[in-house]
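What follows is a short report on a single structure.
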Amino acid sequence: MWSISPERFNKAPGTDFTGTLDLGIAVRAGRSVATKQYHDGALKIIRPHYLDDSGQVYYITVNPGGGYVGGDSYDIAVSVADGASVLLTDQSATKVYRTPGSHVTQHLHFKVGAGAVLEYIPDQLILYRDADYRQHMTVEVDPEGHVFLSDIVTPGWSPDKEMFRYRQAHLRSTVRVGDKLALVDNMRIQPLEEREEIASPTFLGENTHFSTAICFDPQVDEDLIAQVRDAISDVEGVQASVTPTDVPGFVLRGVANRTEHLMEVVLRAANVVRSELRSQGKVHLRQY
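The numbering of the sequence shown is our numbering, which starts it at 31 and goes up by one.
Right under this line is the structure:
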């Protein structure tokens with residue numbers, strides 16, 4: 031896990047990024063605003079919204095092309111200055127279609143300052159037959175900063191109506207809190223090569239979808255983790271666990287057969303953190 035070559039996440043040789051986004055957030059006049067905003071190619075960003083009176087800014091990313099195909103590569107960078115707060119999502123599910131010639135890559139770079147907040151809660155990633163998707167997320171958080179990051183991965187439709195016809199889903203996340211490596215989360219599934227392993231009780235069992243949520247905040251403690259566990263314990267059709275990390279934080283993993291059930295788990299966890307640590311209201315993702 032530790033020695034995976036970074037070349038696995040390189041874009042196709044001789045190609046430019048299909049889409050790029052560079053966003054900087056800082057506090058101005060008591061609320062968070064974009065101080066840097068650049069997008070190019072097949073990535074856009076919708077004008078900001080403010081969903082409550084906390085001053086947090088809400089941004090939605092958009093891929094006008096409607097989906098990812100072989101050879102596509104995306105690069106997203108978000109920097110949140112001290113004391114600023116941003117909630118980031120996308121407009122709809124990310125769909126990865128067949129990638130017969132080359133894989134799809136997405137790089138996410140997040141930097142969060144002291145007292146700053148970054149919540150990244152995208153819609154599900156749908157992988158169709160023969161899709162090969164590789165995502166590398168790097169996060170740098172000040173010891174007094176906060177991040178909540180999630181992913182949901184689902185198998186897409188295939189002509190033979192079988193699940194798990196995609197070739198690969200590889201999602202690698204590295205989080206540094208201050209100068210300490212706090213987390214390396216490496217999720218790699220190759221269904222066409224690992225069908226028996228995926229179906230085992232120690233992997234997905236009879237489930238088809240999986241989710242991850244990563245949270246780091248200096249205020250996370252045993253009591254908060256217990257509240258998160260309690261909040262997600264009765265979501266229909268979901269098996270989930272919450273594991274504390276050495277640096278104050280936790281990792282949530284869930285498996286299910288329906289996207290909406292896993293999203294419910296993610297949002298319940300995010301809402302506990304919001305309420306208990308920042309006295310902020312529930313997440314309401316207005317995706318328009």
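Just so it is clear, CB atoms sit at the ideal spot from N, CA and C, and this is done for glycine as well.
Own chain residues within Cβ distance below 7 Å of residue i, not counting five before or after
i	result
residue 211	none
residue 292	182, 239, 241, 268, 284, 286
residue 273	280, 281
Residues of its chain near residue i, where Cβ-Cβ distance is below 6 Å and the 5 sequence neighbours each way are ignored
i	result
residue 315	119
residue 124	155
residue 61	85
residue 54	65, 66, 109
residue 137	105, 166
residue 17	The chain is shown only over 31 to 318; residue 17 falls outside these bounds and no answer can be derived.
Option in the options with minimal Cα separation from residue i
i	options	result
residue 180	253, 276, 202, 87	202
residue 285	266, 275, 279, 274	266
residue 70	93, 57, 55	93
residue 161	196, 146, 173	196
residue 209	172, 234, 235, 185	172
CB contact below 9 Å: residue i versus chain B
i	result
residue 267	The structure shown contains no chain B; it holds only a single protein chain.
Residue i and residue j closer than 9 Å at C-beta
i	j	result
residue 204	residue 169	yes
residue 76	residue 65	no
residue 174	residue 145	yes
residue 243	residue 178	yes
Cut-off 8 Å between Cβ atoms - residues of its own chain near residue i, not counting five sequence neighbours on either side
i	result
residue 307	176, 247, 249, 250, 254
residue 189	159
residue 96	125
residue 32	Bear in mind that the predicted position of residue 32 carries a pLDDT of just 45, short of 50, making it unreliable; the figure below should be weighed with that in mind. Here the set comprises 214.
Whole-number beta carbon distance between residue j and residue i, since they are thought to touch under 8 Å
i	j	result
residue 163	residue 121	That belief does not hold up - the Cβ atoms of residue 163 and residue 121 are roughly 18 Å apart, past 8 Å.
residue 99	residue 50	Not quite, the Cβ-Cβ distance comes to about 17 Å (not below 8 Å), so this is no contact.
Q: Flag this pair as touching only if the region 96–115 and the region 133–153 have three or more C-beta atom pairs under 8 Å; answer yes or no.
A: Yes, the region 96–115 touches the region 133–153.
Q: Spell out a yes or no on whether the region 246–255 and the region 287–299 are touching, meaning 3 or more CB-CB pairs, one atom from each, closer than 8 Å.
A: Under the three-pair Cβ rule at 8 Å, the region 246–255 does not count as touching the region 287–299.
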